[in-house]
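For the sequence shown, the numbering used here begins at 4 and goes up steadily by one. Built from N, CA and C at the ideal position, the CB exists for glycine as well. Below you'll find the structure, written out as structure tokens, and then a few comments.
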Amino acid sequence: MFARIVVLVSGAAILVVETLATRLVAPYVGLTLESTTAVIGVALAGIAAGAALGGRWADEFDPRRVVTGALLVGGLGVLAVRPLVRLLGPGLGPGATAAVLLVAASTLVPVAALAMVTPAVTRSRLSGVDGSGTLVGQLSAAGTVGSLLGTFATGFVLVALLPVTAILLVTAAACLLLALCTAAARTRAALGGGTLAAVLLGAALIAIPGRCDVDTVYYCARVETDPDRASGRVLVLDDLRHSAVDLADPTRLQFAYTRRMADAVDTAFPPGRPLSAVHLGGGGFTMPRWLAATRPGSASTVLEVDRGVVELGRRELAVDAIPALDVRVGDARTALAAVPADAADLVVGDAFGARSVPWHLATAEFAADVRRVLRPDGIYVLNVIDYDPRRLLAAETATLAARFPHVLLMIRPDQLAQGGGGNAVLVASDRPLDLSALNARAAARGEPDSVLDEAATRRLGGAAAELTDDRAPVEQLLG
């Protein structure tokens with residue numbers, strides 16, 4: 004029984020580290036398909052290397068000592084994961100290569116060490132050929148059950164209840180305690196050095212600063228005060244400035260893309276008319292706040308996948324003070340499907356990032372559901388962040404143009420120049436917008452010639468392939 008417990012805990016610890024690794028590296032390399040692939044690939048490499056090495060060493064040395072050493076190194080390695088990420092991450096930056104390097108440097112050693120446990124325990128329990136198949140099967144099953152427990156417990160329970168630091172401390176403590184339990188009497192005296200290392204690494208885990216005020220389910224999040232305005236606040240998710248709000252003046256929009264969205268709304272609807280809006284992504288709740296202030300009586304439904312972002316907004320961004328606000332925590336794709344048809348004058352898409360795009364919110368099928376929710380005179384405004392050669396922007400333009408009869412793009416000329424890029428706003432609707440009025444608004448706020456007409460917008464989409472649920476390689480398209 005004890006052997007199976009050891010194998011189960013080591014298997015669980017591996018998957019705890021793997022599940023948390025994506026969250027840990029996201030502030031530095033982004034939360035993308037590439038970073039997720041890096042985590043899975045490095046974990047599999049570590050498991051393969053550890054299994055081979057553990058089996059070999061268990062044949063050459065006392066298997067019990069191999070188990071003890073593997074648990075000790077694995078536990079210490081778990082404590083070192085986050086400090087290593089925080090020390091190495093700022094120097095690597097985004098990208099696939101950086102993701103692999105950062106994940107490998109921080110997690111490969113503990114994963115490989117913990118993967119050594121199962122073959123070493125198996126070797127220690129084998130006393131002959133008879134019954135060996137049953138033993139191997141039982142221990143393999145225990146390791147798999149541990150992996151399942153580590154995955155489900157971390158993803159569904161622990162992340163929601165505990166900070167990442169606490170999860171790593173508990174996981175490391177379990178491994179180190181088992182190392183002590185499996186050690187022979189003469190070996191335990193030699194574990195003093197391991198105890199000192201555990202204390203030092205535990206202190207580093209807690210003390211080395213990161214970029215977060217809070218670890219949410221998906222982000223390393225913090226709120227910064229605008230140095231130029233005491234009432235200004237900026238929400239930073241991972242290492243990107245996501246939203247800006249002015250607590251004293253909700254009509255003030257700091258980011259250019261939010262001002263473009265506001266221009267589209269004010270061009271499409273009469274001044275002061277209350278609107279019913281659905282917001283895909285909450286962030287700092289900038290647009291719901293602006294709508295409530297500029298169009299009293301407006302009602303906003305916000306679909307935000309990350310409860311931690313909502314709670315941070317409630318604590319530091321006065322989200323609960325926004326009138327007629329309905330916040331629904333959940334994935335925007337499934338949550339929008341529950342919204343009745345013809346329920347909204349406005350749908351605001353602000354869930355795309357500069358490094359990661361929720362692909363299932365970029366497809367033609369999702370655009371069709373947005374159109375279902377909109378009233379006949381409604382509009383869909385979508386923030387897209389892309390850079391030269393702007394393949395994602397072209398693909399998303401083509402996708403919306405295939406589902407809406409009228410689509411135009413709001414982007415400055417310099418952003419369309421070679422090497423340019425940044426935030427662009429697509430406006431899609433079943434009715435045309437007043438292009439001259441929209442251009443006049445853009446010029447008045449300092450962005451002349453920044454509205455492409457429908458023909459120019461469709462030319463930008465060009466021959467780009469429409470994004471669908473079957474094919475939406477958004478990370479590969481990002482410039």
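Measure the beta-carbon distance from residue 2 to residue 17 and round it to whole angstroms, keeping in mind my assumption that it falls under 8 angstroms.
What the structure shows of the chain is the stretch from 4 to 482, and residue 2 is not part of that stretch, so it cannot be assessed.
Can you name, in chain order, every residue of its own chain whose Cβ lies under 6 angstroms from the Cβ of residue 175, other than the five neighbours on each side?
78, 81 and 82
Selected residue, minimal CA-CA separation from residue 124, among 5, 21, 172 and 36
5
Helix, strand or coil: how does DSSP classify residue 485 here?
This structure cannot settle anything about residue 485, because the visible part of the chain is limited to 4 through 482.
Whole-angstrom distance between residue 454 and residue 446, CA atom to CA atom
10 angstroms
Quick one: Cα of residue 3 to Cα of residue 22, how far?
Beyond the ends of the chain as shown, which are 4 and 482, falls residue 3; an answer cannot be given.
Given a threshold of 16 other Cβ atoms within 10 Å of its Cβ, counted over all protein chains shown, does residue 432 qualify as buried or as exposed?
buried
Apply the 10 Å Cβ neighbour rule to residue 234 and answer buried if 16 or more other Cβ atoms are within range, or exposed otherwise.
exposed
So, helix, strand or coil for residue 244, using DSSP?
strand
Are residue 366 and residue 271 touching if we call contact CB-CB under 8 angstroms?
no
Going by the DSSP bridge assignment, what does residue 236 pair with across the sheet?
228 and 248
Considering only C-alpha positions, which residue in the set 282, 325 and 295 is nearest to residue 308?
282
Could you tell me the alpha carbon to alpha carbon distance between residue 420 and residue 452, rounded to whole angstroms?
13 angstroms
Measure how close the beta-carbons of residue 53 and residue 105 come, nearest whole angstrom, since I'm counting them as under 8 angstroms.
Wrong, their Cβ atoms sit about 20 angstroms apart, outside the cutoff.
Of the residues 109, 210 and 180, the one placed nearest residue 72, counting alpha carbons only
180
Provide the residue span of the alpha helix (DSSP H) that contains residue 50, from first to last.
36-63
Contact defined as beta carbons within less than 8 angstroms: I believe residue 249 pairs with residue 225. What is the distance between those atoms, to the nearest angstrom?
Actually they do not touch by this definition, with Cβ atoms about 18 angstroms apart.
Could you give the first and the last residue of the continuous beta strand (DSSP E) run that contains residue 379?
377-390
Counting contacts by CB-CB distance shorter than 8 angstroms, is residue 399 in contact with chain B?
Judged by its chain identifiers, the structure shown contains no chain B, having just a single protein chain.
Do residue 246 and residue 289 have their C-beta atoms closer together than 8 angstroms?
yes
Would you mind stating whether residue 385 and residue 429 have Cβ atoms separated by less than 8 angstroms?
yes
Specify the secondary structure class of residue 300 as computed by DSSP and reduced to three states.
coil
First and last residue of the alpha helix (DSSP H) that includes residue 425?
Looking at the DSSP string, residue 425 is not in any alpha helix (DSSP H); the run it does join, the beta strand (DSSP E), is 424-432.
Short check: CB of residue 262 to CB of residue 304, under 8 angstroms?
no
Where does residue 307 sit, in a helix, a strand or coil, going by DSSP?
strand
Helix, strand or coil for residue 118? Go by DSSP, reduced to three states.
helix
Which of the three DSSP states is assigned to residue 165 in this structure?
coil
Rounded straight-line distance, which links the Cα of residue 370 to that of residue 30
29 angstroms
Apart from the five residues just before and just after residue 279, which ones in its own chain have a Cβ nearer than 6 angstroms to its Cβ?
302, 347 and 348
Exposure label - residue 329; buried when at least 16 CB within 10 Å
exposed
For a test of the three-state rule: what should DSSP assign to residue 18, helix, strand or coil?
helix
Roughly how many angstroms separate the alpha carbons of residue 372 and residue 355, rounded to a whole number?
17 angstroms
Would you say residue 102 and residue 32 are within 8 angstroms of each other, going by their C-beta atoms?
yes
Contacting residues, own chain, Cβ-Cβ under 7 angstroms from residue 265 (five flanking each side not counted):
256 and 293
Drop a sphere of 10 angstroms on the beta-carbon of residue 164, count the other beta-carbons inside from all chains shown, and report buried for 16 or more, exposed for fewer.
exposed
Alpha-carbon to alpha-carbon, residue 381 and residue 87:
49 angstroms
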